[in-house]
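Q: Start counting the sequence shown at 1; every next residue gets the next number (the UniProt record's numbering). A single structure is presented below for examination.
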Amino acid sequence: MSESPQSAPAENVHSLLMSLRHTAPRLIQSPPTQPRRASVALIVRMKPAPGLVFEGHAPPGYTGDLIAEDDFGVGYTIDDFFKLPWVNHPLTVPELLFIRRAGHTGSGGKRWASHIAFPGGRHEPTDESALYTALRETWEEVGLDLADKDFVQVGRLDEREITTSLGKRLLMILSPFVFLQTSPFTPAPELQASEVSSVHWIPLPSLTPPYPQSQWSHIEIDISTRLSPRNKFVRWALRGLVGKMEFGCVLLPDEPDCVAEGFDPSAQVSGPSEGGSGSWYDKRGNKRMLRLWGLSLGMTLDLLAFLPSALDKPIMVDTSRREDPQQSLLGPKTPVTVTSSFDAEWDSARKVMEKGKAVAGAEAAGLANGESSGLMQVEKAPGMGGSGAGLDRRGSLGRKVDTKGMAKGRRRRGVGPGVTAVFPRFSYPDVNFWIWVFGRRYRKVVKGWEQSVRGPVRAQDRRTNWSGAALSTFYSAVRQALVVAIVIRAIATGIGLAGACWWLTKRLGGGTFGEL
């Protein structure tokens with residue numbers, strides 16, 4: 001976590017949560033063809049520093065200082081909670097809750113089996129709202145009542161489109177909600193063993209990029225199971241023709257805070273047939289690890305994108321000096337509704353970018369004449385000029401949002417690598433090359449997205465489903481690249497077989513003629 005030498009972890013977490021609270025999230029309208037939705041809960045807590053003793057929890061015979069029950073923070077607002085001395089202790093650690101999905105026996109297994117995820121699930125017809133879904137699923141899966149006074153809803157992240165068949169089919173719209181635990185003690189979890197194997201509280205500093213080499217790895221996914229889930233021969237042929245997909249992942253220690261009844265953390269956990277299990281045994285280090293990747297990694301990076309950068313001043317959110325004195329008393333900003341990429345796909349993003357270029361041209365002309373644009377300008381961050389898809393093999397955020405390059409500029413908080421970080425590479429270099437060849441529209445979308453992040457704040461940029469446009473255009477390039485790679489390999493294989501047959505025929509024919 002990026003911290004100044006004088007700042008405690010609580011200061012940055014406070015700034016993160018308040019920035020999130022006052023940022024309007026993008027809500028994606030469900031297309032008529034797929035109304036299915038789901039919600040997850042990202043729960044942040046402040047783990048008290050070792051040595052702090054709280055009233056009612058003192059060990060027998062303790063005679064030292066106690067933290068009074070009134071100063072626990074239960075029921076406090078976010079601002080008041082982060083003023084408490086125990087919260088601001090330099091050894092208090094901010095943590096984020098993850099669950100390990102239950103593994104399943106059998107050859108197939110479930111799609112998310114043994115994945116590292118956030119508590120949550122599908123929206124039921126009886127659910128009042130997406131927030132209610134997150135509350136209900138968290139209670140059912142881990143036994144935490146997020147509607148209790150021990151927790152406060154901070155806000156929500158931008159919604160995401162979950163797709164399958166290489167981005168061609170929409171599975172559901174995912175709504176991530178963020179909660180803060182305003183108590184030094186977490187209620188004892190009650191895990192639903194059929195859904196959750198274990199609960200893990202992971203320190204935020206270990207989740208914040210850039211990652212050390214030892215913490216960064218990749219997961220291989222058998223793409224043939226997605227393209228042809230039933231025909232074994234076709235899967236075998238596709239596996240040889242296009243190779244495997246590689247997703248970046250963060251390695252975390254497998255140290256569960258709570259395990260489900262009947263679950264053995266040291267036993268081999270069965271994952272989905274295509275690969276991607278969240279549990280991994282490091283034979284070299286002789287220890288078990290968690291692998292955080294995919295949507296869970298993307299949402300984690302979305303949350304951490306609200307952390308203050310090195311040049312954000314002040315590092316604390318000073319609510320007493322806001323232009324609007326009542327802003328800190330208000331709840332989260334009104335969400336902005338955007339269209340699903342499966343309704344408009346590339347068209348809406350293209351129109352917004354063209355409109356943005358026209359407005360930018362008019363502003364440039366006005367500034368040349370000494371006029372003010374009347375828009376808030378944001379400094380450009382030098383680490384955000386590329387169009388690479390997410391994190392690279394070394395765990396850096398790449399040219400697009402590399403936090404190592406923030407020493408010379410400033411990014412707008414709340415915008416990070418969380419979407420493009422879930423995009424894969426392929427094990428065959430030529431497939432990656434063809435993705436780049438056909439990825440012109442994807443790079444154009446990412447460039448427009450970056451300009452909306454680095455340039456003037458515009459209402460139309462907030463109304464654009466950038467993540468959906470990037471997702472659809474990237475996987476469109478992937479599908480075209482795979483077709484070309486398969487055709488080229490098929491032609492090369494055919495030519496090779498024809499050449500081998502011709503050589504054998506000539507050799508056998510020549511030998512027979514010589515004997516005669």
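The beta-carbon is built from N, C-alpha and C at its ideal position, and this holds for glycine as well. Everything numeric in this text was worked out from a predicted model, so none of it was measured.
Excluding the five sequence neighbours on either side, which residues of its own chain have a C-beta within less than 8 Å of the C-beta of E69, listed in chain order?
A: Position 69 of the sequence shown, counting from 1, holds the residue named residue 69. Closer than 8 Å at the Cβ level, and outside the excluded window around E69, lie F54, E55 and G56.
Q: Cβ of V422 within 8 Å of Cβ of G278?
A: As a working note, residue 422 is residue 422 in the sequence shown. As a working note, residue 278 is residue 278 in the sequence shown. Going by C-beta atoms, V422 is not nearer than 8 Å to G278.
Q: Could you tell me which whole alpha helix (DSSP H) segments of length 4 or greater appear in the region 430-501?
A: The region 430-501 contains these whole alpha helix (DSSP H) runs: 440-454 and 459-462.
Q: Count the other CB atoms within 10 Å of the CB of R321; is the residue buried (16 or more) or exposed (fewer)?
A: In the sequence shown, residue 321 corresponds to position 321, counting from 1. In this prediction, R321 has a pLDDT of 35, which is less than 50 and means its spatial position is unreliable; nothing more can be read from the coordinates.
Q: Please name the residue in D158, D430, I435 and G51 whose C-alpha comes closest to that of L66.
A: Numbered from its first residue, the sequence shown carries residue 66 at position 66. Nearest option by C-alpha distance: G51.
Q: May I ask you to verify whether the region 84-99 touches the region 146-156, counting CB pairs closer than 8 Å and requiring at least 3?
A: Flag = no, the region 84-99 and the region 146-156 do not touch.
Q: Helix, strand or coil, according to DSSP, for H200 in the structure here?
A: For the purposes of this step, residue 200 is taken as residue 200 along the sequence shown, with counting starting at 1. Here H200 sits in strand by DSSP.
Q: Exposed or buried, what is D461 when buried is set at 16 or more other beta-carbons lying within 10 Å of its beta-carbon?
A: What you label residue 461 is simply residue 461 of the sequence shown in a count that begins at 1. Buried, by the Cβ-count rule.
Q: According to DSSP, what are the bridge partners of S39?
A: Numbered from 1 along the sequence shown, position 39 holds the residue referred to as residue 39. Bridge partners of S39: G121 and S175.
Q: In angstroms, rounded to a whole number, what distance separates the CA positions of P189 and L180?
A: Translated into positions along the sequence shown, residue 189 becomes position 189. Translated into positions along the sequence shown, residue 180 becomes position 180. Answer to the nearest angstrom: the Cα atoms are 16 Å apart.
Q: Do you know how far the Cα of N432 is from the Cα of M245?
A: Sequence index remark: in the sequence shown, residue 245 carries index 245 (1-based). Sequence index remark: in the sequence shown, residue 432 carries index 432 (1-based). C-alpha separation (whole angstroms): 10 Å.
Q: Is the beta carbon of R479 sitting closer than 8 Å to the one on L166?
A: Residue mapping note: residue 479 aligns to position 479 of the sequence shown, counting from 1. Residue mapping note: residue 166 aligns to position 166 of the sequence shown, counting from 1. Yes, Cβ-Cβ distance for R479 and L166 is below 8 Å.
Q: Measure from the alpha carbon of E195 to the alpha carbon of each residue in L290, F233 and I116, then state which is nearest.
A: Here residue 195 refers to the residue found at position 195 when the sequence shown is read from its first residue. E195 has its Cα closest to that of I116, out of L290, F233 and I116.
Q: In chain order, which continuous runs of the beta strand (DSSP E) of length 3 or greater are located wholly inside the region 148-173?
A: Runs found: 151-156 and 160-164.
Q: Hey, out of S114, S224 and L191, whose CA is closest to E140's CA?
A: On the sequence shown, residue 140 is found 140 positions in, with the first residue counted as 1. The residue with the shortest Cα to Cα distance from E140 is L191.
Q: From this set, I162, V437, G120 and E159, which residue's C-alpha is nearest L144's C-alpha?
A: For this step, residue 144 is matched to residue 144 along the sequence shown. Ranking I162, V437, G120 and E159 by Cα distance to L144 puts G120 first.
Q: Give a yes or no on whether the C-beta atoms belonging to P25 and P335 are separated by under 8 Å.
A: In the sequence shown, the residue the question calls residue 25 occupies position 25. In the sequence shown, the residue the question calls residue 335 occupies position 335. Against a cut-off of 8 Å, the Cβ pair of P335 and P25 comes out as a contact.
Q: Helix, strand or coil, according to DSSP, for R230 in the structure here?
A: Counting from one through the sequence shown, the residue named residue 230 turns up at place 230. Looking at R230 - three-state DSSP - the assignment turns out to be coil, as it is neither helix nor strand.
Q: Let me check understanding here. Comparing Cα to Cα, which of L241, K283 and F438 lies closest to A481?
A: Stepping through the sequence shown from its first residue, residue 481 is reached at position 481. Among L241, K283 and F438, the Cα nearest to that of A481 belongs to F438.
Q: Quick check: V44 and V178, are their CB atoms within less than 8 Å of each other?
A: Within the sequence shown, numbered from 1, the residue matching residue 44 stands at position 44. Within the sequence shown, numbered from 1, the residue matching residue 178 stands at position 178. Yes, the pair counts as a contact, with Cβ atoms nearer than the cut-off.
Q: At the level of alpha carbons, what is the spacing between G499 and T493?
A: Mapped onto the sequence shown, residue 499 falls at position 499. Mapped onto the sequence shown, residue 493 falls at position 493. Straight-line Cα distance between these residues: approximately 10 Å.
Q: Is it the case that the Cβ atoms of S198 and A113 are separated by a distance below 8 Å?
A: If you number the sequence shown from 1, residue 198 lands on position 198. If you number the sequence shown from 1, residue 113 lands on position 113. No; because the gap between Cβ atoms is not below 8 Å, this pair is not in contact.
Q: Could you work out which residue in R160, Y132, L131 and V13 is closest to S296 when comparing CA atoms only?
A: Looking up residue 296 in the sequence shown gives position 296. Comparing Cα-Cα distances from S296 to each of R160, Y132, L131 and V13, the minimum goes to R160.
Q: Checking the sheet assignment: what are the DSSP bridge partners for K287?
A: Against the sequence shown, residue 287 aligns to sequence position 287. According to DSSP, which records beta bridges pairwise, K287 is partnered with D282.
Q: Does DSSP put H218 in a helix, in a strand, or in coil?
A: Taking the first residue of the sequence shown as position 1, residue 218 is located at position 218. Here H218 sits in strand by DSSP.
Q: Return the CA-CA distance between M18 and R284, expressed in angstroms with no decimal places.
A: Here residue 18 is taken as the residue at index 18 of the sequence shown, counted from 1. Here residue 284 is taken as the residue at index 284 of the sequence shown, counted from 1. Approximately 42 Å between the Cα atoms of the pair.
Q: Which of the three DSSP states, helix, strand or coil, is assigned to W503?
A: Residue 503 sits at position 503 when you count from the first residue of the sequence shown. The answer is helix: DSSP assigns W503 an H, G or I state.
Q: For S341, which residues from the same chain have a beta carbon less than 7 Å from its beta carbon, with the 5 sequence-adjacent residues on both sides left out?
A: As a position in the sequence shown, residue 341 is number 341, starting the count at 1. Contacts found: E161, N465, G468, A469, L471 and S472.
Q: Please state whether DSSP places I78 in a helix, a strand or coil.
A: In the sequence shown, counting from the first residue as 1, residue 78 sits at position 78. Correct three-state label for I78: helix.
Q: Quick check on W86: does DSSP put it in helix, strand or coil?
A: By 1-based counting over the sequence shown, the position of residue 86 is 86. Three-state result, W86: coil.
Q: In terms of residues, what are the limits of the beta strand (DSSP E) holding P94?
A: For the purposes of this step, residue 94 is identified with residue 94 of the sequence shown, where counting begins at 1. It spans V93 to R101 - the beta strand (DSSP E) in which P94 sits, taken as one unbroken run.
Q: Count the other CB atoms, across all protein chains shown, that sit within 10 Å of the CB of C501; report buried if there are 16 or more and exposed otherwise.
A: Taking the first residue of the sequence shown as 1, we reach residue 501 at position 501. The residue in question, C501, is exposed, as its Cβ has fewer than 16 Cβ neighbours within 10 Å.
Q: By the 10 Å Cβ neighbour count, where 16 or more other Cβ atoms means buried, how is D254 classified, buried or exposed?
A: Within the sequence shown, the letter at position 254 stands for residue 254. Buried, because 16 or more other Cβ atoms sit within 10 Å of the Cβ of D254.
Q: Report back the beta-carbon spacing between E95 and I202 to the nearest angstrom; my notes put them in contact at under 8 Å.
A: As a working note, residue 95 is residue 95 in the sequence shown. As a working note, residue 202 is residue 202 in the sequence shown. Sure, about 6 Å apart at Cβ, within 8 Å.
Q: Consider the C-beta atom of T133 and the heavy atoms of the ligand HEM; say whether any pair is separated by less than 7 Å.
A: What this structure holds is no ligand at all, so the ligand HEM is not there to describe.
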